[in-house]
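Asks: Just so you know, we're using numbering that gives the first Met the number 0 here: the sequence shown kicks off at 0 and counts up by one. All C-beta atoms, glycine included, are put in the ideal place defined by N, C-alpha and C.
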Amino acid sequence: MQSRPLLNYIFNDEALTRGLGDPEARVLVEWLADWAELLAEEADSDEEAWAGMRKICRRARGLGRFVHLWGHDRSQGAAVQLAASERFTWPLPACDEDPADLMVRILAWEDRLITV
Numbered sequence: 000m001q002s003r004p005l006l007n008y009i010f011n012d013e014a015l016t017r018g019l020g021d022p023e024a025r026v027l028v029e030w031l032a033d034w035a036e037l038l039a040e041e042a043d044s045d046e047e048a049w050a051g052m053r054k055i056c057r058r059a060r061g062l063g064r065f066v067h068l069w070g071h072d073r074s075q076g077a078a079v080q081l082a083a084s085e086r087f088t089w090p091l092p093a094c095d096e097d098p099a100d101l102m103v104r105i106l107a108w109e110d111r112l113i114t115v
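#1: Given this structure, state the Cα-to-Cα distance separating L27 from L106, to the nearest angstrom.
#2: Who are the Cβ neighbours of A78 in its own chain at under 6 angstroms, not counting the five residues just before and after it?
#3: Three-state secondary structure (DSSP) at L19?
#4: If you count every other CB in all the chains shown that lies within 10 Å of the CB of A35, and 16 or more means buried, which is it?
#5: Quick one: is A82 buried, meaning 16 or more other Cβ sit within 10 Å of its Cβ, or exposed?
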């Protein structure tokens, strides 16, 4: 499968980066683009690639929302509730953390967890 349709899906989904600053939004979109290219190459069918992309994008919207709540809104309580409801298993930040650094750390953890 060509990766372009999957990339367009990412670029057209404004909810992925809503509330994020430019640095963390860039990190998230680049991470998703890498997954889109991998899915396009490795999936057995177009349907499998699309299912994987939708799954990862849904997860990414939650991750973006968490970073927004924790890093920009300073609403750690709401962020922790979101993490629990989304079943995020990575360690929560122990203190204030730069949103872009937090996004990088979370995505590195997610790379170890994602199965598509």
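Replies: In brief:
#1: Residue mapping note: residue 27 aligns to position 28 of the sequence shown, counting from 1. Residue mapping note: residue 106 aligns to position 107 of the sequence shown, counting from 1. Going by the C-alpha atoms only, they are around 8 angstroms apart.
#2: For this step, residue 78 is matched to residue 79 along the sequence shown. Once the five neighbours on either side are set aside, the close Cβ partners of A78 are F65, L68 and W69.
#3: Indexing the sequence shown from 1 puts residue 19 at position 20. Coil at L19, not helix or strand.
#4: By 1-based counting over the sequence shown, the position of residue 35 is 36. Classification of A35: buried, given that the 10 Å Cβ count is 16 or more.
#5: Looking up residue 82 in the sequence shown gives position 83. Buried, by the Cβ-count rule.
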